[in-house]
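Residue numbers (UniProt numbering): 1 to 613.
Positions of the beta carbon are idealized from the N, C-alpha and C atoms, including for glycine.
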């Protein structure tokens with residue numbers, strides 16, 4: 001056997017570079033994060049040949065003292081932590097002290113820095129891990145790092161680099177994520193000497209929203225909801241895309257924990273559950289969310305590249321995220337979805353369809369607060385339209401009540417100026433499928449079956465929630481072999497499962513017995529149901545599988561119990577449907593995530609007919 005001997009420092013750094021430096025974008029990430037930790041307000045990134053030839057990052061941060069420059073490129077040397085207690089409370093982007101050492105071991109490296117109060121700058125160079133002495137240089141206050149010929153001394157790594165366009169696309173995506181995280185910092189990106197991106201520093205909420213629009217496209221702010229909620233020592237803010245603005249791939253999902261972009265299974269699961277009732281199958285939501293919590297509650301020392309984190313109170317974080325987003329999406333009532341628009345001066349503002357109201361507590365930004373002006377008057381609206389109890393005869397049939405006649409003509413209530421309801425008043429029915437209505441903005445088109453399906457579904461869910469859930473006793477108890485972790489979860493959450501009608505008891509180190517199931521799920525595969533529930537409990541500390549299965553059943557009932565396409569509706573019935581949509585949560589989408597209504601403004605109609613030209 002070969003003798004045991006210590007590795008040379010150069011080889012240690014190259015091994016570390018294999019974990020930290022995957023491609024040119026990894027270098028940019030480490031350098032820009034160092035600039036942010038230095039308090040920079042302006043960061044310039046210059047790229048040549050996709051980063052293979054040159055990566056240069058300049059900032060106007062605090063700078064580095066001349067005698068500390070050699071330490072800056074030494075392994076495990078950092079100014080950000082000095083003890084284990086510091087590691088427990090780390091709030092900086094970097095803290096390992098190995099990024100610059102790793103980069104300088106696989107490239108030709110130069111670092112020039114000047115303290116803000118110093119008279120001169122100093123520069124050091126590292127070539128393949130060999131450090132040269134510091135010498136005076138000309139440079140403004142701040143730091144510049146140049147990385148040339150990346151992987152020139154590691155051919156095996158260099159051959160895995162992709163085409164110039166591909167590598168630069170990764171850098172561009174990285175800068176976008178950093179620009180979203182730090183709105184108060186100006187970012188500039190150039191490639192082969194040509195400016196590509198310039199994100200000016202956002203000084204207020206409107207400028208921050210403008211940056212989001214610049215990064216994700218102008219459509220994102222117009223089709224998103226503002227989230228701003230604090231509870232249990234956590235604060236969640238940002239924007240969540242409307243279900244109708246979902247995407248075919250998860251390419252616009254940005255989640256930040258204390259300013260750090262992360263990928264986490266707990267977060268992904270919470271977001272997926274929040275959208276479960278409104279998102280079309282196979283689609284992905286878009287969001288930009290910022291979670292702030294005590295650094296002690298999150299462990300960032302999980303992955304060398306710091307892409308992953310571990311929450312100490314995983315279940316608490318999951319429930320906080322799910323409930324916040326679930327409540328936000330519940331406010332997407334038809335006609336009351338908040339949107340962003342630009343005024344004549346190009347400034348972004350927010351208005352609520354049908355009201356034009358602004359939220360005074362956050363000018364220029366929408367909140368998830370319910371626009372309750374018409375929801376609170378839902379009963380009054382129905383009475384004014386001559387509608388009692390349920391708006392359509394189909395409701396009565398579904399609930400087993402005697403249907404009423406709604407064929408008599410009812411005069412449309414006269415609305416004061418600016419008091420028209422968000423969805424307006426019905427004027428006609430098209431092909432016995434769509435309801436046409438007129439509101440303050442123009443023409444509203446409603447898919448009557450999809451809208452009635454959501455209304456019926458929400459009523460069935462509310463009825464189930466308000467009544468005690470019945471359970472069905474199994475004739476023969478079912479014994480299941482599960483993992484020890486899942487058996488422990490069944491024992492720990494037994495009371496919570498019983499509230500949903502699922503009675504499980506632990507029968508050994510890796511076994512459970514199922515004795516009861518929810519009555520609504522009679523005939524379901526008990527074995528698969530139990531395994532799905534316990535798997536979620538073991539992984540995430542919570543499970544909504546029972547609720548999801550019951551919702552699927554109620555959704556089917558609502559679909560078959562709703563007014564069908566091809567039925568003629570009277571004007572009172574159509575108006576009653578519109579009022580119910582305005583008062584029902586999530587009525588902007590049917591149970592399957594498809595839109596229930598759309599708006600055509602007068603300006604859009606004028607363009608169709610070239611009016612004003």
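Separation of the CB atoms of residue 59 and residue 142 is rounded to 5 Å, and the pair is thereby assigned contact status at 8 Å. The DSSP assignment places 219-222, 265-274, 314-330 as complete runs of the alpha helix (DSSP H) inside the UniProt domain "DNA mismatch repair protein S5" (212-330), in order along the chain (cut-off: 4 residues). Of all alpha-carbon atoms in 158, 147, 211, 435, the one lying nearest the alpha-carbon of residue 566 is that of 435.
Between the alpha carbons of residue 591 and residue 576 lies a distance of about 20 Å. Minimum Cα-Cα distance from residue 11 among the listed residues 33, 67, 104, 40 corresponds to 104. An exposed status is given to residue 527, since fewer than 16 other beta-carbon atoms sit within 10 Å of its beta-carbon. In terms of CA proximity to residue 233, 317 leads the group 240, 267, 317. For residue 139, the CB contacts under 8 Å within the same chain, skipping 5 residues up- and downstream, are 112, 113, 114, 121, 123 in chain order. The three-state secondary structure of residue 503, taken from DSSP, is strand. If the five residues before and after residue 237 are omitted, its C-beta is found closer than 7 Å to the C-beta atoms of 227, 228, 290, all from its own chain and listed in chain order. Looking only at 76, 444, 262, 24, the smallest Cα-Cα distance to residue 171 is reached by 24. With contacts defined as CB atoms closer than 7 Å, residue 311 and residue 300 fail to qualify as a contacting pair.
The C-alpha of residue 518 is placed about 7 Å away from the C-alpha of residue 500. DSSP, reduced to helix, strand and coil, places residue 532 within a helical segment of the structure shown. DSSP places residue 63 outside both helix and strand once states are collapsed to three, so it counts as coil. Assigned with DSSP and collapsed to three states, residue 538 falls in helix. Taking 3 residues as the minimum length, the beta strand (DSSP E) runs contained wholly in the stretch 165-219 are 186-191, 194-199, in order along the chain. DSSP, reduced to helix, strand and coil, places residue 136 within a strand of the structure shown. A straight-line Cα-Cα distance of about 14 Å links residue 313 and residue 231. Inter-segment contact for the stretch 56-73 and the stretch 29-48 is present: three or more beta-carbon pairs are separated by less than 8 Å. Exposure of residue 166 is indicated by the presence of fewer than 16 other C-beta atoms within 10 angstroms of its C-beta. Short of 6 Å from the beta carbon of residue 259, and not among the five residues preceding or following it, lie these beta carbons of its own chain, in chain order: 181. Per DSSP, the beta-bridge partners of residue 445 are 436, 598. Residue 185 and residue 454 have their C-alpha atoms roughly 44 Å apart. Using a 10 angstroms sphere on the CB of residue 30, the tally of other CB atoms reaches 16 or more, which defines it as buried. Here the C-alpha atom of residue 309 lies approximately 13 Å from the C-alpha atom of residue 268. Annotation for residue 479: the continuous beta strand (DSSP E) segment containing it runs 471-481.
In the DSSP assignment, residue 430 falls within the beta strand (DSSP E) that extends over 425-430.
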